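Enquirer:
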Amino acid sequence: RGAAGAHPRAPGSVAQKPRAVHAQRRIHRAARGVNDISPTIAVGAFVVGVTAVRLRQRLPALASERLLIGIELFASFFIPFYFFKAGLHLERAYFSGRALAIGLALVALAVPLRVGKVAVYRRLVLGEPWRDGARVGLSLVPTLVFTLVLADILRERYALAPHLFGALVVYALVDTVLPG
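Residue numbers (this note's numbering): 1 to 180.
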């Protein structure tokens with residue numbers, strides 16, 4: 001027993017300290033590994049989703065309903081973890097006044113262009129009214145996952161300036177909320 005009468009392996013005892021340090025090191029190593037592969041996982045999940053849809057269209061005999069349900073379940077389970085990981089790494093410095101201004105300018109510039117492009121296409125090709133085309137275009141605006149993945153890659157691998165990273169996050173959040 002220790003000096004205070006506590007068991008040597010009791011939480012907080014001197015004998016437990018090396019175990020705690022070892023566990024922290026394992027957690028940090030695992031976190032670094034997740035950081036290294038998380039954009040790859042998101043892109044890989046996208047490719048699997050696209051492949052599953054194309055498999056269903058081109059080779060329906062191979063695309064069992066159970067396989068596609070499994071893929072959907074996999075995606076719906078892991079997507080929240082990606083957002084949790086992405087949110088953990090946001091810092092106050094990313095959201096300066098400059099970042100907010102650039103992010104909102106991106107929204108003001110990009111969203112109308114994207115909505116307008118879809119509305120024009122649907123008017124010219126499908127003969128739909130402008131309002132219906134714009135409604136479809138607005139529903140296609142959200143790019144949260146891919147904007148976050150690209151911003152993360154640019155920040156980690158290409159040293160994207162913090163205010164530009166913040167601007168991309170602001171853009172992603174605002175353009176995702178717009179259609180709602």
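All C-beta atoms in this analysis are idealised placements derived from N, C-alpha and C, irrespective of residue type, glycine included. All figures in this text were calculated on a predicted structure; none of them were measured in a lab.
Starting from the Cα of Phe95, find the closest Cα among Leu178, Tyr171, Thr176 and Gln57 and give me that residue.
Expert: One-based indexing of the sequence shown puts residue 95 at position 95. Minimum Cα distance to Phe95 is reached at Tyr171.
Enquirer: May I ask you to report which of helix, strand or coil DSSP gives Ala128?
Expert: Here the question's residue 128 lines up with position 128 in the sequence shown. Here residue 128 turns out to be Glu, not Ala, going by the sequence shown. It is coil, neither helix nor strand.
Enquirer: Return the residue from the list Phe81, Gly166 and Val136 that minimises the CA-CA distance to Arg123.
Expert: Stepping through the sequence shown from its first residue, residue 123 is reached at position 123. Ranking the options by Cα distance to Arg123, first place goes to Val136.
Enquirer: DSSP state of Val149, grouped into three classes?
Expert: In the sequence shown, the residue the question calls residue 149 occupies position 149. Three-state DSSP puts Val149 in a helix.
Enquirer: Just to check my reading of the structure: Val141 and Leu178 have Cβ atoms closer than 8 Å, yes? What is that Cβ distance to the nearest angstrom?
Expert: Locating residue 141 in the sequence shown gives position 141, where the first residue counts as 1. Locating residue 178 in the sequence shown gives position 178, where the first residue counts as 1. Confirmed, Cβ separation roughly 6 Å.
Enquirer: Between His89, Asp132 and Leu126, which has its C-alpha nearest Gly166's C-alpha?
Expert: Within the sequence shown, numbered from 1, the residue matching residue 166 stands at position 166. Nearest C-alpha to Gly166: His89.
Enquirer: Who are the Cβ neighbours of Leu173 in its own chain at under 6 Å, not counting the five residues just before and after it?
Expert: What you label residue 173 is simply residue 173 of the sequence shown in a count that begins at 1. Excluding sequence neighbours, Leu173 sits near nothing in its chain.
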